[in-house]
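See below for the structure under consideration.
Numbering (the numbering used here), first residue to last: 4 to 201.
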């Protein structure tokens, strides 16, 4: 057996499984083409602060950027905060939020704004939801200047933290993988622009 025959045999042994793997991926993509998930277009905002669609401001930690959906959908604005070098496809996997330092913010109309016991009603809704799910969690009240809200810490898996803040007209929902300095810096920097009565 010649040396070139030996190299050709090894090349075939390496290339054959690789080709089979590529063929399998192509076949699987073909079967999932009817179930493709639409990833919304986003724009990345760098700097010291982020101004949201609904006229609120969030301070951006060092080396962080805001990734905002170009158009809010059904009145819901979604913004992701992460390192400016992050791959936006990681936003889809909540299990990566803790390790990668991702924070998701969803902003929608506040249906509780007219209720006198808005915070108590929000607390009741969260408690009912989590008891149905059977998750272990702890709730505490938070204040961001004049804004009130709730922070919920979940034991997991995966562990995560949520915060709901009642704005003048919006409800702000934050989700992160852990309660750390970055989460607190983003959450407690929330400021609403003064809104006039129209």
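Don't be surprised by glycine CBs; every beta carbon is placed ideally from N, CA and C.
Here the structure is a predicted model, which means the values were calculated and not measured.
**Request:** Assign residue 108 to one of three DSSP states: helix, strand, or coil.
**Result:** Translated into the one-based positions of the chain shown, residue 108 becomes position 105. Strand at residue 108.
**Message:** Considering only DSSP beta bridges, list what residue 144 is partnered with.
**Reply:** Here residue 144 refers to the residue found at position 141 of the chain shown. 153, per the DSSP bridge assignment.
**Asked** Can you name the residues that DSSP bridges to residue 84?
**Response** Here residue 84 corresponds to residue number 81 of the chain shown, with the count starting at 1. DSSP, once it has assigned bridges, lists 69 and 106 as partnering residue 84.
**Request:** Report buried or exposed for residue 154, applying the criterion of at least 16 other Cβ atoms within 10 angstroms of its Cβ.
**Result:** Numbered from its first residue, the chain shown carries residue 154 at position 151. Looking at its Cβ environment, which holds 16 or more other Cβ atoms inside 10 Å, residue 154 is buried.
**Asked** Going by the CB atoms, is the gap between residue 78 and residue 44 shorter than 8 Å?
**Response** Within the chain shown, the letter at position 41 stands for residue 44. Within the chain shown, the letter at position 75 stands for residue 78. Result no, Cβ atoms of residue 44 and residue 78 do not sit closer than 8 Å.
**Prompt:** Of all the beta strand (DSSP E) runs that stay within the bounds of the stretch 151–199, which reach a length of 3 or more residues?
**Reply:** 163–169 and 173–179
**Asked** How is residue 59 classed by DSSP in three states: helix, strand or coil?
**Response** What you label residue 59 is simply residue 56 of the chain shown in a count that begins at 1. Residue 59 falls in the strand class under three-state DSSP.
**Message:** Assuming the contact rule is C-beta atoms closer than 8 Å, residue 122 and residue 151 should be a hit. Round their C-beta distance to whole Å, please.
**Reply:** If you number the chain shown from 1, residue 122 lands on position 119. If you number the chain shown from 1, residue 151 lands on position 148. The pair is a contact, with the Cβ atoms about 5 Å apart (cut-off 8 Å).
**Request:** Compare the C-alpha of residue 148 against each of 157, 196 and 103 and name the closest.
**Result:** Residue numbering aside, residue 148 sits at position 145 when the chain shown is read from its first letter. Nearest option by C-alpha distance: 196.
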